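Enquirer: Heads up, the sequence shown is in the working numbering, so the first residue is 2 and it goes up one at a time.
Think of the CB as a built atom: it goes at the ideal place given N, C-alpha and C, for glycine as much as any other residue.
All figures in this text were calculated on a predicted structure; none of them were measured in a lab.
Quick one: the structure is below, questions incoming.
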Amino acid sequence: MPPVRYKLVVLFCGAIAMANGFAPGSQISMKDFKLSGEQYSITGEQATFMAETVRLTQMTAWLKQSDNNIKLSAPRCSLDRINRRAASRTAVRIEGKNIIMTGRGFDVDFEAQRVRVRRDVKVVISHNGAISKQLLGKDPK
2 MPPVRYKLVV
12 LFCGAIAMAN
22 GFAPGSQISM
32 KDFKLSGEQY
42 SITGEQATFM
52 AETVRLTQMT
62 AWLKQSDNNI
72 KLSAPRCSLD
82 RINRRAASRT
92 AVRIEGKNII
102 MTGRGFDVDF
112 EAQRVRVRRD
122 VKVVISHNGA
132 ISKQLLGKDP
142 K
């Protein structure tokens, strides 16, 4: 089969998959949206679109703030586009300026700016006076 026909067949198969609610590809990006001056970006390797939700594989969500960016990543995630929430039962990793948190299962409420890791939570906080003082209420020694 000539290369042009092959490309058309691949393009046609991709169009059929999208019509059925499945989007293959190396990077799927949900539109950025702003809430309370914060900006979020959500990407994944593969997406399955349903009525109100999108199921993403290899999901990465970024909370972009002026002084700190927070990255949340998981192998699978269900994203509720209407209510601005995300959830998963799989492993999760959250990285910030001075903190790394891992666990299993999570719920994210983007409007309330809240993340809940469900179980097996492990937290590493860098030895920084500002974050230690904020969490412990005193200067680290």
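#1: Residues in its own chain within less than 6 angstroms of C78 by CB, not counting five upstream and five downstream?
#2: Please look up how many angstroms separate the CB atoms of L73 and V116, rounded, as I've assumed it's under 8 angstroms.
#3: Can you tell which of F107, E96, R82 has its C-alpha closest to the C-alpha of F50?
#4: Between E112 and R94, which are expected to be in contact by the criterion C-beta below 8 angstroms, what is the C-beta distance as a whole number of angstroms?
#5: Which of the three DSSP states, helix, strand or coil, is assigned to D81?
#6: Measuring only the C-alpha atoms, how far is E46 from Q40?
#7: For N99, which three-state DSSP category applies?
Expert: According to the data block:
#1: Residue 78 sits at position 77 when you count from the first residue of the sequence shown. Non-local beta-carbon contacts of C78 in its own chain, meaning distances under 6 angstroms to residues more than five positions away in sequence, involve L57, M60, A87, S89 in chain order.
#2: Taking the sequence shown and counting its residues from 1, the one referred to as residue 73 is at position 72. Taking the sequence shown and counting its residues from 1, the one referred to as residue 116 is at position 115. Rounded, the Cβ-Cβ distance is 7 angstroms, consistent with contact.
#3: As a working mapping, residue 50 is identified with position 49 in the sequence shown. For F50, the nearest C-alpha among the options comes from R82.
#4: Sequence index remark: in the sequence shown, residue 112 carries index 111 (1-based). Sequence index remark: in the sequence shown, residue 94 carries index 93 (1-based). About 23 angstroms separates the two Cβ atoms, so there is no contact after all.
#5: The sequence position of residue 81 within the sequence shown is 80, counting from 1. Three-state result, D81: strand.
#6: On the sequence shown, position 45 is the one that residue 46 refers to. On the sequence shown, position 39 is the one that residue 40 refers to. Cα to Cα, the separation comes out at about 21 angstroms.
#7: Within the sequence shown, the letter at position 98 stands for residue 99. In the three-state DSSP reduction, N99 falls in the coil class, being neither helix nor strand.
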